[in-house]
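Chains as they are written, first to last, in our numbering: chain A, 2 to 295; chain B, 21 to 317; chain C, 3 to 418.
Ideal Cβ positions, reconstructed from N, Cα and C, are used throughout, including at glycine.
Since the structure comes first, as structure tokens, the remarks are kept for the end.
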């Protein structure tokens, strides 16, 4: 159903055109890679080479010192802990939040396509529109709610927040994906006596690989990179990586150690980059079956 | 008799189960999204400053909002930013997708390269681009060191051009995502139609213009929705890249709302700007949703 | 400093492992001092509390000179989970006190006689309705000029004492091909310069009328126009690449001799010291020409959040540790500011620090100590930012001086 169709494309082109194609594609690759390459390069230079030299030049004196420093001894607060403890905070926040929102998104998508009821479109519309709320406006009322639920300043509170503001997107992805899933199979299973959850577990979930990848990538990237919620709803024991990185980069006085900042920024980016590289090939496939075709 | 009652109960449970499964998500969204929107609308009519307070002031906040030059700058910046950002991202995305769709050998690697900026947080994007664009240490400086001494690229320092640097960094970050959506759309097109058209003697150009691009309508719509929502919500990137400067030249409604609500202690004006933003989003989204959902019937 | 850092590094492993859940006797402190020197200074406070068996739970949120931390604070208070103590500035303290959120520190203050040793103008931001609500850490003064001595000497420039002398010195540097003024184009930095320029142009009474009393005649007067015109002169004498630059990079330009002057608060001194420069020999610090007798200040304080009616034992311990002369001296030597109490010995301070302490005492005695507009100690955040908008727009060439004056009056009236 979603095999990549281009293996037999109808478009043919000549040699000159193809050279041109490759040239343009590679130029764009350079454009996308350049900023990150500069960060990596400069994170391996001693500080005086950055402030005194050319940022495009390779380091003359390669060093991993900034990396070590950013990880374990940079000053991000009163204690010079580096980013390490915050990295862990981010992980225990992001993973449950991603799994919960993906799971409920899948269930919602399943209900909205295969168990439709009167007004299902309105419910879906309301869920979808919730994706577009600017997060700044929810800070104060959300803080109040977290206080009422006893989740203020905890990782649990952050997981709830990310779940709530991610559910619209995951529902959208799964709904569009399941809409293309043949309803006859469901009916047949029903006649065989399979119930609501059994159909979900046995029939839909096993074939949801690509869309789970899309939902996972989307949610993980958003949650891992979030700063606003992490800064506002965490306390001293649950501050995520982005807040620590911001503390490192924004520190108000003293010498700015750009190489350490860059190394820290790359640490913060590693998990999301890994997710893109590992799961990225499912991404287009998932999108194709999911959000685009509808 | 007991038997049928049990069956009845079971079917009734089966009928209720889907709604029960959906209920928690729906209830949370009602409270945490629509409840909060209602609260914000209410706040915009109050004299709230440092924390919410409930003294009714009518339309005063809106009157003040539209007297502020700062707000007018933010709105016109958003117009420039959104048009360019959505337009350029879609164009680059479409072009890359079409090119990648020509049986390119290293497609997988290129796709990852185009997509990865989406994985980076604003702090990373902002610091990297701030560096590259800074005439003193970035591209201009490098060109001077390499001997091209007349090269000049100081947009980020120029009130009239700084907004375009925000566009540049934003396009860098999300045009790959647009590419993925168009590519997915292209892969969904039936090859048989294309072959038939080719046999009728259509050129590649005609093929794309007449058949393929029109068929990408859903992909265009999805890209438009995702990009426009990113544009309206753009906050992080501006803060990291220019801090709203030079002067207030790159202020956007989202940064305006944040600063009035949280740093200027004028929560009432902040809330009124949020309401205007929400109305704008609704004006774009509701017709789209309506059309989408009606079609699906 | 380096030694202190290595000590911290060795301690780090132990503390990272023992971060325990919140116990009753711990204090959670929200602050934005995350850079090396500041954090090292805070560590003094932390160590002090730990000897009394009080744990320190660190909650740093950097960014925008405390703006990010204040947003976090709002969320934390709204959720009913306020931190024990919060670093705060000026009007924010008064605003939170108005909300009834701050604890009454009068018992600690009375025991230690804060009333007698903290300058009156500073008390205005630490006491509300006769109640102490926060513990001042330091007094920064903002009307300083920092200069590279070698650059001034080689161009035959003496320390200017009037605007005209200053303007002549700037012209001389410009003619010699040196960037006369190092500046970072961020709204708060533009306002910091404007603060000093306006104090010079309006005089202390005019400054008070315009920025503290928000008198429309003073805001819209001719002296204000003069102040804006002087800003145009300054704008014409900064380098091309000033926009968006961080203040410490501007300071580095003075340190390296690329620029002659920088108008900045006393925290700039730390940059000179960490570059190994000596006050008096390598760099000069003097009051902005025409404001020799005035001090515009801002003060970092720690406000204690009410945790059930009375001030808790830990909060009292923290507050008294902050006001202790030994901490005041140790912290301010590192930070570049001067102690918040006037009876601290100046023995450990360098020449600029000693002068700062002397100036503060003199200004406080003669009624010349004013809260700084640029740093939120003259008027509330809404008005301060409205003024920023006009100052920064004018500095970036969007208005002429005449328009700027009328825009200033208008912006203040909207923000009131």
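Within-8 Å CB hit, residue i to chain A
i              : result
residue 245(C) : no
residue 58(C)  : yes
residue 34(B)  : yes
residue 169(B) : no
residue 27(C)  : no
residue 267(C) : no
residue 76(B)  : no
residue 309(B) : yes
residue 38(B)  : yes
C-beta atoms of residue i and residue j nearer than 8 Å
i              : j              : result
residue 136(C) : residue 266(B) : no
residue 141(C) : residue 342(C) : yes
residue 211(A) : residue 287(A) : yes
residue 292(C) : residue 223(C) : no
residue 329(C) : residue 31(C)  : no
residue 80(C)  : residue 75(A)  : no
residue 120(B) : residue 26(A)  : yes
residue 182(C) : residue 239(C) : yes
residue 283(B) : residue 72(C)  : yes
residue 372(C) : residue 206(C) : yes
residue 166(A) : residue 136(A) : yes
residue 56(A)  : residue 151(B) : yes
residue 128(B) : residue 243(B) : no
Below-8 Å beta-carbon distance, residue i vs any chain B residue
i              : result
residue 404(C) : no
residue 299(A) : Chain A is shown from 2 up to 295; residue 299(A) falls before or after that span and cannot be answered.
residue 282(A) : yes
residue 78(C)  : no
residue 312(C) : no
residue 288(A) : yes
residue 44(A)  : no
residue 24(C)  : Bear in mind that a pLDDT of 40 at residue 24(C), under 50, signals an unreliable position, so the model cannot answer this.
residue 394(C) : yes
Beta carbon proximity, residue i to chain C, threshold 8 Å
i              : result
residue 157(A) : no
residue 257(A) : yes
residue 162(B) : no
residue 236(B) : no
Closer than 8 Å at the beta carbon, the chain B residues around residue i
i              : result
residue 124(A) : 42 and 46
residue 72(C)  : 282 and 283
residue 300(C) : Going along chain B, no residue has its Cβ under 8 Å from residue 300(C), so there is no contact; the nearest lies around 16 Å.
residue 387(C) : 279, 283 and 284
Same chain, Cβ closer than 6 Å to residue i, five either side skipped, listed in chain order
i              : result
residue 4(C)   : Low confidence applies to residue 4(C): its pLDDT is 44, below 50, so where it sits in the model is not reliable enough to give any reading.
residue 24(C)  : Its pLDDT being 40, under 50, residue 24(C) is placed unreliably by the model, and the measurement read from it follows with that caveat. The answer is none, since no qualifying residue turns up.
residue 132(A) : 169 and 170
residue 211(C) : 217 and 220
Interface partners of residue i on chain B, CB under 7 Å
i              : result
residue 384(C) : 284, 285 and 286
residue 131(A) : 49 and 53
residue 416(C) : 84, 87 and 88
Interface partners of residue i on chain B, CB under 9 Å
i              : result
residue 165(A) : 45, 48, 49, 51, 52 and 53
residue 398(C) : 179, 265, 266, 267, 268 and 269
residue 25(A)  : 115, 116 and 119
Sequence-distant residues of the same chain with beta carbon closer than 7 Å to residue i, five excluded per side
i              : result
residue 163(B) : 171
Per-residue contacts from residue i into chain A (C-beta, under 7 Å)
i             : result
residue 61(C) : 236 and 237
Chain-order list of residues whose beta-carbon lies under 8 Å from that of residue i (same chain, five-residue window excluded)
i              : result
residue 309(C) : 84, 86, 105 and 317
Inset, instruction - With 8 Å as the limit, tell me which residues of the stretch 175-193 of chain C have their beta carbon closer than that to any beta carbon of chain B; keep them in chain order. - result: 187, 188 and 189
Inset, instruction - Scan the stretch 229-254 of chain A for residues whose Cβ lies nearer than 7 Å to a Cβ of chain B and list them as they occur along the chain. - result: 243, 246, 247 and 250
Legend entry - Near-chain C residues of the stretch 121-140 of chain B (beta-carbon distance less than 8 Å), N- to C-terminal order: none
Inset, instruction - Please list the residues of the stretch 35-46 of chain C that have a C-beta atom closer than 7 Å to any C-beta atom in chain A, keeping them in chain order. - result: 36, 37, 38, 39, 40, 41, 44 and 45
Inset, instruction - Check distances from the C-beta atoms of the stretch 134-161 of chain A to those of chain C and list, in chain order, the residues that come in under 7 Å. - result: 140, 141, 144, 145, 147, 148, 153 and 154
Inset, instruction - Give the residues from the stretch 92-112 of chain C that approach chain B closer than 7 Å (Cβ to any Cβ), ordered along the chain. - result: 97 and 101
Inset, instruction - With 9 Å as the C-beta to C-beta threshold (strictly closer), list the residues of the stretch 76-90 of chain A near chain C in chain order. - result: 76, 77, 78, 79, 80, 81, 82, 83, 85 and 86
Inset, instruction - Compile a chain-ordered list of the residues in the stretch 80-94 of chain B whose CB is closer than 7 Å to at least one CB of chain C. - result: 84, 87, 88 and 90
Legend entry - Residues within the stretch 137-157 of chain C neighbouring chain B, beta-carbon criterion of under 8 Å: none
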